[in-house]
Amino acid sequence: PTPLLLQYVPGDFNCLHQDLYGDLAFPLQVAILLSEPGEDFTGGEFALTEQRPRMQSRVEVVPLRQGDAVAFAVHNRPVQGTKGNYRVNLRHGVSRL
Numbered sequence: 001p002t003p004l005l006l007q008y009v010p011g012d013f014n015c016l017h018q019d020l021y022g023d024l025a026f027p028l029q030v031a032i033l034l035s036e037p038g039e040d041f042t043g044g045e046f047a048l049t050e051q052r053p054r055m056q057s058r059v060e061v062v063p064l065r066q067g068d069a070v071a072f073a074v075h076n077r078p079v080q081g082t083k084g085n086y087r088v089n090l091r092h093g094v095s096r097l
């Protein structure tokens, strides 16, 4: 595991991506918000995108307050479909501050 602390300033953002480094990767990742939205910054929403096979991508914005954490899959996650389970690729990022 690699701990990482990111600090954003107005105008910053983080493009949709996957944190896959090296041959081994832990399947889950946690992001914790250390500042208070609306007081310390505006914008900067945490976004997760599901890239589903033969369907349009779906975006979810995760509303976070100071001290909140979100755990998410680093690469893909299983989804129950009508013909069994399948994988959706996940990407995460932060909208512009």
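This note's numbering numbers the first residue of the sequence shown as 1 and each following residue consecutively.
Here a beta-carbon is modelled for each residue, glycine too, at the ideal position from N, C-alpha and C.
Using C-beta distances below 8 Å, list every residue in its chain close to residue 91, excluding the 5 sequence neighbours before and after it, in chain order.
Cβ within range, chain order: 16, 17, 18, 48, 49 and 51.
Three or more beta-carbon pairs under 8 Å between the region 24 to 38 and the region 50 to 67, yes or no?
Result yes; three or more Cβ-Cβ pairs closer than 8 Å.
According to DSSP, simplified to helix, strand and coil, what is residue 44?
Residue 44 falls in the coil class under three-state DSSP.
What are the start and end residues of each continuous beta strand (DSSP E) run of 3 or more residues lying completely inside the region 70 to 96, in chain order?
Here the runs fully enclosed are 76 to 81 and 84 to 94.
Give me the Cα-Cα distance between residue 61 and residue 97, rounded to the nearest whole angstrom.
Between residue 61 and residue 97, the C-alpha separation is close to 14 Å.
May I ask you to report which of helix, strand or coil DSSP gives residue 58?
Here residue 58 sits in strand by DSSP.
Our contact map puts residue 94 next to residue 41 with C-beta atoms below 8 Å; I'd like the distance itself, whole angstroms only.
Incorrect: roughly 11 Å between the Cβ atoms, too far for contact.
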